[in-house]
Each structure stands twice: as structure tokens, then as C-alpha cells.
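Numbering (full-length UniProt numbering), first residue to last: 1 to 627. A virtual CB, placed ideally from N, CA and C, is assigned to each residue, including glycine. Here is the structure we will look at.
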């Protein structure tokens with residue numbers, strides 16, 4: 001298309017930006033005809049710039065800086081006028097609109113993301129979309145009505161534009177609608193005040209240069225930034241579920257291990273092929289745009305700026321922006337790769353506060369018991385398998401054994417404990433054994449006269465030598481108590497030990513789901529209970545207390561709901577560190593006189609022995625995984 005202005009003017013190498021040291025376009029000598037030069041000598045000499053503009057328009061002496069034709073007043077639309085709000089130069093509205101449209105078509109990105117990008121042809125300041133309005137911008141050209149020949153393009157209202165008098169007091173302009181700057185007169189309150197020089201402050205200069213930046217480019221950067229924010233917001237939502245799937249298996253039991261592996265593989269492929277390249281392109285564009293914006297706004301390309309300060313500011317700003325962009329770029333990598341491990345650490349780090357005894361639940365058969373109380377020394381526990389079958393009579397040929405005799409504790413796991421007794425004046429050793437009969441859901445507590453070296457050998461010490469056996473000593477056993485525990489299933493997921501009034505929450509998941517092992521809580525119900533009507537049977541809770549206890553066991557692992565005071569949390573599993581590590585059991589110790597701990601009461605080792613026995617059997621049968 002052909003533009004309505006001279007090609008020599010639009011292609012001139014002279015800069016019209018005062019910051020760049022060039023000559024403003026309106027002060028450049030014009031290449032025009034002799035008539036135009038003669039008109040230039042007859043331009044108004046009125047001291048007020050607004051009045052000069054009106055007088056030159058009335059006389060046909062004001063030249064449009066775009067088409068170089070004179071601006072003449074009139075009521076028809078083709079006489080409409082546009083004036084720059086910064087430099088106050090006047091142009092034909094049709095010329096300003098053509099200039100703005102041509103500027104918007106100069107770049108594809110500007111046409112897509114920054115509609116309305118254009119600069120005033122005189123002062124090169126970014127301007128909004130040109131509109132044909134009166135000087136004070138209150139009325140459109142079509143509503144002005146017949147114009148006065150003395151004040152073309154003016155409405156009949158007061159200007160009301162805010163401006164400052166020579167003393168710096170801001171007040172509305174009381175003149176009628178007028179072109180040019182508002183020369184606000186002083187008020188009586190200005191008396192005695194010094195005249196404020198019209199030198200702008202550094203802050204005003206900063207914002208002036210900021211407003212002179214390309215609005216289109218700035219809008220383009222804002223658009224890219226919005227796209228980046230939306231993309232990262234969507235990734236944050238996905239990251240929330242990604243962390244939950246990997247760190248809260250109790251909340252998402254339907255998410256299998258294989259599904260998580262496929263999810264991680266998909267994230268890796270999408271990240272390498274889509275997310276990282278696209279964010280790199282966007283951040284590179286934002287980096288360059290932000291760098292150019294601050295260089296121009298801080299006037300770092302001007303000769304007036306100190307050379308050393310200019311170099312330091314440029315380098316420091318570039319490094320600062322670079323690290324910000326790199327941090328934003330690698331944030332998804334850190335989130336999806338390290339987020340689950342960090343979240344696991346945070347959710348586990350304080351779970352065992354108040355539980356002073358910690359037990360490492362290895363599958364090797366040996367458990368290290370350490371107490372945070374200074375008066376409780378460390379000791380080991382051993383879990384070994386024992387087989388003591390009851391011999392049955394040999395029947396003759398063809399004779400069937402129709403009597404089904406159940407013999408308890410033929411095959412069982414024994415947890416042997418040898419520890420000092422803090423309440424004993426001589427720190428005597430206490431030797432205990434807890435036998436767990438999984439097939440018959442029974443347990444028994446035995447007091448031994450010495451350490452059970454046989455059980456220690458079967459559990460762990462057999463690894464020391466393949467040919468030599470240790471010296472075994474006879475061990476006398478004294479039965480302390482016998483009890484039972486309930487079977488667990490998909491519908492009955494909690495285990496109860498009625499004789500001890502203890503409940504193991506989500507024992508079914510502990511047995512059958514390796515990922516949920518660190519999320520088990522063991523409660524003891526301290527509510528009053530009634531002795532069962534069955535002779536020798538265990539004590540039972542009232543129905544209301546049973547329902548309340550089940551409600552406590554059904555609470556999610558991360559529930560913040562308060563539990564009844566009678567339901568005491570006595571043990572819990574945990575796995576400390578960044579990500580799943582070794583499985584630990586945290587046990588509450590009994591408080592003695594004057595707050596001195598006496599260690600773990602023997603009854604509390606019963607749920608531990610049951611859980612360790614199940615874990616060992618599942619490991620041996622390859623239904624679990626080694627921790």
C-alpha cells in the first residue's frame with residue numbers, strides 16, 4: 001500500500017527520540033515546496049503554545065507531520081484531528097490512524113499479541129489507539145456540533161486536566177477545552193513557596209522512559225508471561241497429584257506401582273520433548289525483552305550515563321535475570337524429580353515425636369532397639385521360626401483319621417528379648433519371649449531364666465558360621481499370659497488384640513501392601529470394659545465403646561481430627577529420610593516415678609511381635625518386599 005506521508009521522512013536515519021540524542025521530528029528542517037516554506041515564516045508567534053496551535057490551524061499554517069499537508073478546520077469527518085498527549089503535536093486523524101495501522105502490521109508477533117502498537121511520529125512515545133476527540137478528550141468529534149471559527153476542534157467544557165503550577169501545586173485546569181500543555185495559574189496558597197524548577201526527578205525520568213517503551217513489545221512480553229504462568233499453574237496441579245500418588249499410598253490405594261512407573265516415564269518423555277523446550281523458548285524471549293526494557297528505561301545506552309556504572313549495572317542485571325530464568329526453567333524438574341522425596345521427608349520427620357523407643361524393622365530377624373532416654377541402654381531382639389510338632393499315632397492301612405485335633409504353637413515365631421530392668425537396683429536382665437502362632441491367631445508371653453540363644457541362632461546368628469554351632473544352654477519358661485488376635489481381610493482391615501484392648505489400624509494393608517507399611521498406627525483403648533460372660537474369655541468393650549474405637553482406627557493416617565482421650569496412640573510405623581527408607585517402629589515408653597522412663601512395658605511388645613511375624617512370613621513367601 002502507499003502511505004499518505006513522504007517516504008523520505010519515514011526512512012530518515014535521523015532519530016526522533018530525544019533520549020537517543022536525535023532531533024525531534026517537529027524541529028527538523030522540512031523538505032517542502034516554497035509555498036510551505038513561506039507559510040512557515042507566517043506561523044503564529046503567540047506566547048501560549050495552545051493559542052499558537054489554534055491560530056495556525058485557523059490560518060491554515062499548521063502542517064500535518066505525517067502527510068505534510070496543512071490542517072484546516074471544518075465540521076466534516078475528514079477534518080477530524082488527532083493530537084499527541086505527550087508532545088501536543090497535531091495531525092490529521094486519518095493520517096494518525098493510517099500510521100497506527102501500518103505500524104501494527106510491521107511484525108507478525110505484534111499483529112497477534114500486541115494490537116495497537118504504534119508511536120507518535122513526532123516524539124516516538126507509545127500512544128493508545130488514535131481517536132478523533134476534542135482537545136480535552138471528553139467528547140468525540142461527531143458530537144462536537146458546529147465548531148466556532150475561533151476555537152476549532154474544541155468543546156464548550158472546561159479542560160479539567162490535572163497539571164502543576166510553577167510552584168509544583170497540582171490542580172485542575174480551568175481554561176476552556178484547548179490544545180497544548182495546561183498552564184495552571186498560581187493560587188494564593190503558593191505565596192511564599194519557592195518556584196519548583198521543571199526538572200524531572202530520577203523517578204519521573206524512569207517512568208517517562210518506561211512509558212516511551214514499545215507498548216506492543218510490552219504487551220507481547222505480558223502475553224508470554226501469562227502463558228508461562230498458566231502452564232506452570234497446570235503443572236502445579238499435576239505436581240500436587242504426582243506427589244500425593246508417590247507419598248500417600250493410603251489415600252490412593254487404586255494407584256498401583258506399575259501405574260506409577262508408567263506415570264514417571266510419561267512425565268520424563270513429556271518434559272524432555274515438550275515442557276523444557278517450550279519453557280526455554282518463552283523464558284529466552286522474556287529474558288531478552290526484560291533486558292531491553294531495563295536497559296532503555298535505566299538509560300544505560302546513553303552517553304550521559306556513567307560508563308563504569310553502566311557496565312556494572314548491565315552485567316549484574318543480566319546475571320540476575322539469567323539466574324531467575326534458569327531457576328524458573330528447572331523448577332518443574334526439581335518439583336517432579338525431587339518433590340516426592342522432599343514431601344516424604346516433611347510428612348515423616350515429626351511423626352514419632354513423643355515416642356522415645358525406636359526399632360529398626362529389618363527382615364533379617366534381628367531388631368535394634370534404641371531409646372532416646374539416657375537411662376535406657378540399647379538392646380537387640382530376635383525373631384526366629386520354631387517347629388515343635390505334636391506326634392500323632394500311626395493308623396493302620398485303610399483307616400481314616402476322622403478326628404481333627406488342633407494343636408496350638410506347633411509352628412510359631414518367637415520374639416526373644418533380653419534387656420536390663422531400669423527399676424532394678426542391680427540392673428538385672430529381664431528375659432522375655434513372645435510366641436506368635438499365626439495359623440491359630442494366638443500369642444503367649446513367657447518369662448525366661450536366661451537369654452534364648454537357640455532362638456537367636458535360628459533368627460540371625462546362623463549367618464556367622466556355616467560349620468560351627470554355638471553352645472546352647474537349657475532355658476526354663478514360665479507362662480505369663482496367653483491371648484488372641486483377630487484375622488484381617490479386605491473387609492476387616494483392622495486387627496484387634498482383645499486381651500490387651502489394642503487395635504492395629506490397617507493391618508491388612510501392612511501385610512499385603514509394601515508401600516503402606518510406614519502408615520500404621522497402633523492404639524490402646526483405655527475405656528472401662530466388662531468381663532465377658534464366657535468363662536475364661538477375654539474382656540470386651542461396651543458396644544458404644546467398640547464403635548468409637550473402630551471410628552478411631554478408621555481415621556486416615558494424616559487426619560487432623562482429635563481422637564478420644566481414652567484412645568491412646570502407643571505405637572506407629574515410620575520411614576524417615578528423603579523418600580522411602582528403612583521401616584522403623586516408634587514405641588511409647590512407660591513413665592516411672594519422677595518422670596524417669598522405665599522402658600517399654602512387656603505387653604506393648606505383643607503387637608510389635610505380631611506385625612514382625614507377619615512381615616517376616618510375607619517376606620519369606622515373596623508376597624512382600626525387603627525393606
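Classification of residue i by the beta-carbon crowding that lies within 10 angstroms, buried from 16 upward
| i | result |
| --- | --- |
| residue 443 | buried |
| residue 601 | exposed |
| residue 449 | exposed |
| residue 558 | exposed |
| residue 415 | buried |
| residue 143 | exposed |
| residue 251 | exposed |
| residue 616 | buried |
| residue 46 | exposed |
| residue 311 | exposed |
| residue 621 | exposed |
| residue 188 | exposed |
| residue 75 | exposed |
| residue 279 | buried |
| residue 184 | buried |
| residue 257 | exposed |
| residue 152 | buried |
Reduced DSSP secondary structure (H/G/I, E/B, other) of residue i
| i | result |
| --- | --- |
| residue 609 | helix |
| residue 276 | helix |
| residue 488 | coil |
| residue 29 | Note that residue 29 scores 44 on pLDDT, short of 50, meaning its location in the model is unreliable; the coordinates nonetheless yield the value given after this. Of the three classes helix, strand and coil, the one that applies to residue 29 here is coil, per DSSP. |
| residue 496 | strand |
| residue 554 | helix |
| residue 523 | strand |
| residue 338 | helix |
| residue 231 | helix |
| residue 513 | coil |
| residue 251 | coil |
| residue 574 | strand |
| residue 51 | helix |
| residue 567 | strand |
| residue 468 | coil |
| residue 478 | strand |
| residue 157 | coil |
| residue 131 | coil |
| residue 442 | strand |
| residue 382 | strand |
| residue 504 | strand |
| residue 603 | helix |
Beta carbon of residue i nearer than 7 Å to that of residue j
| i | j | result |
| --- | --- | --- |
| residue 578 | residue 341 | yes |
| residue 177 | residue 136 | yes |
| residue 133 | residue 140 | yes |
| residue 566 | residue 604 | no |
| residue 287 | residue 325 | yes |
| residue 379 | residue 366 | no |
| residue 60 | residue 179 | no |
| residue 57 | residue 73 | yes |
| residue 585 | residue 359 | yes |
| residue 418 | residue 431 | yes |
| residue 71 | residue 77 | no |
| residue 469 | residue 384 | no |
| residue 496 | residue 503 | yes |
| residue 436 | residue 609 | yes |
| residue 238 | residue 335 | no |
| residue 505 | residue 583 | no |
| residue 441 | residue 472 | no |
Check: residue i C-beta below 6 Å from any heavy atom of the ligand GTP
| i | result |
| --- | --- |
| residue 367 | Among the components of this structure there are no ligands whatsoever, and the ligand GTP is therefore not found. |
Counterpart residues of residue i in DSSP-defined beta bridges
| i | result |
| --- | --- |
| residue 411 | 387 |
| residue 119 | 126 |
| residue 357 | 371, 587 |
| residue 293 | According to DSSP, which records beta bridges pairwise, residue 293 is partnered with nothing at all. |
| residue 418 | 431 |
| residue 82 | 91 |
| residue 172 | 162 |
| residue 60 | None; residue 60 has no bridge partner. |
| residue 629 | There is simply no residue 629 to check, as the chain begins at 1 and stops at 627 in what is shown. |
| residue 140 | 133 |
Anticipated Cβ contact below 8 Å, residue i with residue j, distance rounded
| i | j | result |
| --- | --- | --- |
| residue 575 | residue 568 | Not a contact, Cβ separation roughly 23 Å. |
| residue 452 | residue 433 | 6 Å |
| residue 86 | residue 125 | 4 Å |
| residue 173 | residue 165 | Not really, about 10 Å apart at Cβ, beyond 8 Å. |
| residue 356 | residue 371 | 6 Å |
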